[in-house]
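Trainee: Quick note: the sequence shown uses the working numbering, first residue 395, plus one each step. Don't be surprised by glycine CBs; every beta carbon is placed ideally from N, CA and C. Source: prediction; values computed, not measured.
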Amino acid sequence: MARYRTPACAPADVRIRHIAAHDWGAIAALEDRAYADRALAEGRAALEFRGRASPGTCFVLDADGAPGGYLLALPYPAFRCPELRGAEESRHATDNLHLHDIVVAEHLRGAGLAGRLLARLTATARARRFRRISLVAVAGTASFWTRRGYRPHYDVAPPAGYGPWAVYMSREAGR
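So this is what it looks like as structure tokens:
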């Protein structure tokens with residue numbers, strides 16, 4: 395018999411804001427819960443590095459006063475992607491914004507909050523004049539991203555650390 399998850403109810407007070415220094419412990423815990431069983435967790439230091447690379451394109455989902463999710467995006471050349479767990483010292487001048495990670499706490503999933511984070515990312519990309527948004531779909535999530543307008547680029551091989559089912563995808567920021 396198939397198991398169905400009951401959609402969550404959004405907390406009464408939900409807002410999306412830029413990440414503050416005091417959020418990183420909760421963000422690292424959310425990431426660990428989301429990816430540890432898939433060996434995709436990067437750890438706090440790598441996450442903080444991504445946030446410092448482009449603080450204006452990284453967000454926390456503040457749910458009733460506590461981080462209930464996050465989104466990390468940074469300028470990165472199209473058709474390339476950063477290594478997992480790596481820290482690159484150079485910043486990239488590019489018209490591509492790379493969505494490196496998005497996580498919503500399990501108890502908040504199903505309430506449309508990931509969509510709100512993605513809408514904020516898209517609006518930010520447009521305002522900052524990025525032409526494209528890219529990502530690497532991991533653990534079989536390519537269909538989720540396809541439904542949101544992203545298209546696979548099978549000729550681009552993500553680094554092995556993303557796992558065997560990783561697919562590089564992108565979409566225009568203006569749509």
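Please classify alanine 567: does DSSP put it in a helix, a strand, or coil?
Mentor: DSSP places alanine 567 in coil when its eight states are reduced to three.
Trainee: Can you give me the C-alpha to C-alpha distance between arginine 545 and threonine 451, rounded to a whole angstrom?
Mentor: Arginine 545 and threonine 451: Cα-Cα distance of roughly 21 Å.
Trainee: Does alanine 460 come out as helix, strand or coil in the three-state DSSP assignment?
Mentor: Here alanine 460 sits in strand by DSSP.
Trainee: Nearest CA to the CA of alanine 435: which residue from Glu425, Ile413 and Ala554?
Mentor: Nearest option by C-alpha distance: Glu425.
Trainee: Does DSSP put histidine 494 in a helix, a strand or coil?
Mentor: Histidine 494: strand per DSSP, three-state reduction.
Trainee: Ignore the nearest five residues each way along the sequence and tell me which others in alanine 567's own chain have a CB closer than 8 Å to its CB.
Mentor: Excluding residues within five positions, the ones whose Cβ falls inside 8 Å are Leu491, Thr516, Ala519, Arg520, Phe524, Arg525, Arg526 and Ile527.
Trainee: Classify isoleucine 413 as helix, strand or coil using the three-state DSSP reduction.
Mentor: It is coil, neither helix nor strand.
Trainee: Under the DSSP definition of a beta bridge, which residues are partnered with leucine 469?
Mentor: The identity of residue 469 in the sequence shown is proline, whereas the question assumes leucine. DSSP lists Leu491 as partners of proline 469.
Trainee: Relative to the C-alpha of valine 385, which candidate in Ala415, Ala414, Ala422 and His416 has its C-alpha closest?
Mentor: Residue numbering for the chain in the displayed model covers 395 to 569; residue 385 lies beyond these limits and cannot be assessed.
Trainee: What span of residues does the alpha helix (DSSP H) with leucine 511 cover, start to end?
Mentor: From DSSP, the alpha helix (DSSP H) with leucine 511 extends over 507-521.
Trainee: Roughly how many angstroms lie between the CA atoms of histidine 486 and arginine 444, to the nearest whole one?
Mentor: Cα-Cα distance, rounded: 12 Å.
Trainee: Roughly how many angstroms separate the alpha carbons of glycine 459 and aspartate 407, rounded to a whole number?
Mentor: Approximately 8 Å between the Cα atoms of the pair.
Trainee: Where does arginine 427 fall in DSSP's three states?
Mentor: Here arginine 427 sits in helix by DSSP.
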